[in-house]
Structure formats: structure tokens, C-alpha cells
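Residue numbers (my numbering): 9 to 162.
Beta carbons are placed, not taken as given, at the ideal position from N, Cα and C, and that holds for glycine.
This one's a predicted model, so the numbers in the text were calculated from it and none came from an experiment.
Worksheet: one structure, shown below.
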Amino acid sequence: MVLLPIKTKVRGPATPAPPSDDDIIDEALDLFRANCLFRNFEIKGDADRVLIYLILFISDCLNKLIKNPSRKEALKILNTRATDHFALPGEPMFPLNALYAPPANRNDADLLRQYLGQLRQELVTRLVDRVYVDDKPSKWWMCFQKRKFMNKSL
């Protein structure tokens, strides 16, 4: 998986992206509602692999908000989810091992874990900003709770 630049305040290995440009997290959030309807997804590059991972994580986050908590509670729930232990490519619990090459060594695995953790934490912050407009979750986001992108989930 490639390390793409992102706009973030979260510490991690990703290089900072210019604040005026859209990054991979913005792209994932913008395209989530259309892409989550796909059963198949053509991978044209490493950035698509990051996009797939983020779409699956967004879907997982929306499932955690099934009880419609307030904005503050949702941020707490999702931040906990973002920092929980998660499987990497090559590990048995990772759902998309067929699409991702496992890290070559321990250092690469640690770097990938830090990068994905940074992506997850930043994505949670931006997702809550989009889903919660008036301290209530938007029905236009929550209607995608049950959808599974490529019939997979994290």
C-alpha cells in the first residue's frame, strides 16, 4: 500500500498535503455513497487500494453509529474504533488479503500500521463533521449503514 499525503493534525508517517488540495480522505468521503453500492471495483493503482480500505472503514464507522448517538458520543465511539487494534494485509483477519500484498518485513508492517492508524483517526474526525450537522446524524449518511462495499467488511 502506498503512503499518500493527507491533510491532518494527527501525528504519523504521512507527508502533509497542501490544505487547498483534496486528499485521499476527502475523495473517500465524497465517493463513499456511490462506491458502497459496487460489488466489484477495478483497481488501477495503489491509491485505489487505500481508497478501498477507507471506504470499508467508513462503512464500519457508520455501523458503529447504529444507535444514533449524539455528535460528542459518536466522536468518542469512533475515535476508540480508530485506535483499536486492526489487522494488516497478510494477517488472517484482514478481509482483502487477495488484493493487498503483505508488508515485506517488520519495519514495513510497523510503518503501515502507523499510516493506517493516522488515516483512520483523521477520517473519523472528518466523517463526524459530515454526518452530524445539527447534533443528529444525517439520514442521507445513515441510510448506508447496512451496505457492504464489495460484500466485505473490516
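Looking only at C-alpha atoms, which of the options sits nearest to residue i?
| i | options | result |
| --- | --- | --- |
| residue 45 | 29, 63, 26, 51 | 63 |
| residue 159 | 60, 108, 145 | 60 |
| residue 162 | 9, 67, 28 | 67 |
| residue 11 | 144, 111, 150 | 111 |
| residue 53 | 47, 9, 23 | 9 |
Return the first residue and the last residue of the alpha helix (DSSP H) that residue i is part of.
| i | result |
| --- | --- |
| residue 125 | 114-139 |
| residue 58 | 54-72 |
| residue 152 | From DSSP, residue 152 is part of no alpha helix (DSSP H); its letter is neither H nor E. |
Under 7 Å, Cβ to Cβ, is there at least one residue of chain C near residue i?
| i | result |
| --- | --- |
| residue 139 | Going by chain labels, chain C is absent from the structure shown, which holds only one protein chain. |
Quick one, are the C-beta atoms of residue i and residue j less than 7 Å apart?
| i | j | result |
| --- | --- | --- |
| residue 120 | residue 104 | no |
| residue 87 | residue 141 | no |
| residue 152 | residue 19 | no |
| residue 114 | residue 90 | no |
| residue 33 | residue 14 | yes |
For residue i, list the residues DSSP reports as bridge partners.
| i | result |
| --- | --- |
| residue 24 | 14 |
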